[in-house]
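Structure first, commentary second.
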Amino acid sequence: MAVSCSHSSILFPPSTSTVGFNRFPCLQTLRFKSRNVYQKARISTVTASSSSRSLEALIFDCDGVILESENLHRQAYNDAFSHFDVRCPPSSSESLNWSLEFYDKFQNLVGGGKPKMRWYFRENGWPTSTLFASPPESDDDRAKLIDALQDWKTERYKEIIKSGSVEARPGVIRLMDEARAAGKKLAVCSAATKSSVILCLENLIQIERFQGLDCFLAGDDVKEKKPDPSIYITAAEKLGVSVKDCLVIEDSVIGLQAATKAGMSCVITYTSSTSDQDFKEAIAVYPDLSNVSLKDLETLLQTIVTAA
């Protein structure tokens, strides 16, 4: 039975953690859903003619599904800000530090590392740092600052992933093994760069599982990124299965849109930064995959009622 929930507008409160948003009304007001509706799986159905589907391929997103990556990215940004003593605004007494509350909102509003920093500095004042004693004024100097911070942040993120302290999200590896044992095809489709995804997969699901995937696609492999459906349509072609017999596991509404536009059913396993998004098009929504079996997913797909 579908679970419904009314929406409400949430305004970012004026605080130091949200400086910059107040000048952009379009970024101030987001539409959120209550997290409470997602504490148990939410199953959605559309009343129309039924069409049975069989699960032939299980497709995982990477960031947010296999790896809860956003807080690791936040940590890497903050380590970069500390390393270069980035003061933003320049009058600050301490290095810039993006809080978890702020970053959960921010990372869903501005995509990409360099655009994130450029947007933040533009709105809150270009910073002082060990790279530039006074705030950079020319476009070239600002680009040099952004490039240096991003390069250092990227290397720091790799160090965190390789440290051995990061694990796959609950239930992911077990579900992969169940699918493989049942003869299902397995794929990973991520909008991130190929080198980043390979790094995550080799360290989190181990090289043997990674090399055993039937299909692996990254953002480099398609012209358009999610929510464009290209990556999932390409995956179905490479797997040699119909899109209706693929089940995608995503963590965000952007990934959900990509899957459904491709004609695939999608299950959501949300993170702290995506839990308030509107997942009404998903066939089920879970906090994680720890209590989700392959049989559960097969049953979901087989009992979908789809519009004619």
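Residue numbering for the sequence shown follows UniProt numbering, beginning at 1 and increasing consecutively. Glycine residues also receive a C-beta, built at the ideal position from the N, C-alpha and C atoms.
At the C-beta level, K244 and D214 stay beyond 7 Å of one another.
Scanning E178, E208, E123, I249 for the CA closest to the CA of S190 turns up I249. Per DSSP, C88 has no beta bridge partner at all. The alpha-carbon of E281 is positioned some 8 Å away from that of C266. By the criterion of at least three beta-carbon pairs nearer than 8 Å, the stretch 122 to 130 is in contact with the stretch 83 to 100.
In the DSSP assignment, C200 falls within the alpha helix (DSSP H) that extends over 194 to 204.
Here the alpha carbons of S273 and D85 stand approximately 27 Å from one another. Your pair F81 and L96 checks out as a contact, with CB atoms roughly 4 Å apart and the cut at 8 Å. Linking A235 to T299 through their CA atoms gives a straight-line distance of about 23 Å. Taking 8 Å as the upper bound for CB-CB distance, V110 and D251 are not in contact here, some 18 Å apart. Taking the Cα of F216 as reference, the smallest distance to any Cα among P227, P229, L201 is reached at L201. In this structure, the CA atom of Y103 is about 7 Å from the CA atom of R74. Secondary structure at A258: helix, using DSSP grouped into helix, strand and coil.
Where T269 is concerned, there is no enclosing alpha helix (DSSP H), although the beta strand (DSSP E) around it starts and stops at 265 to 269. Across the set D276, S242, T193, E208, the C-alpha of T193 shows the shortest separation from the C-alpha of E224. With fewer than 16 neighbouring CB atoms inside 10 Å of its own CB, N291 falls in the exposed class. When the Cα atoms are used, Y77 and N203 turn out to be separated by approximately 21 Å. For A57, the beta-bridge partners assigned by DSSP are K185, C246. By the C-beta density criterion, Q206 is exposed, having fewer than 16 other C-beta atoms within 10 angstroms. With a threshold of 16 other beta carbon atoms within 10 Å, K114 falls short and is exposed.
With contacts defined by Cβ atoms closer than 7 Å, P287 and K261 do not form a contacting pair.
Proximity to G212 across S275, A187, D276 peaks at A187, based on C-alpha coordinates.
E208 counts as exposed, since fewer than 16 other C-beta atoms from the protein chains shown sit within 10 angstroms of its C-beta.
DSSP, reduced to helix, strand and coil, places L109 outside both helices and strands of the structure shown, so it counts as coil. Setting aside the 5 residues that flank it on each side, A259 is surrounded in the same chain by Y232, V248, E250, C266, each with a C-beta closer than 7 Å to its C-beta; the list follows chain order. The alpha helix (DSSP H) runs lying completely inside the stretch 122 to 184 and spanning 4 residues or more are 139 to 162, 172 to 181, given in chain order. Its chain contains S190, A192, T193, K194, V197 as the residues whose beta carbon lies nearer than 7 Å to that of A218, once the 5 sequence neighbours on both sides are disregarded; these appear in chain order.
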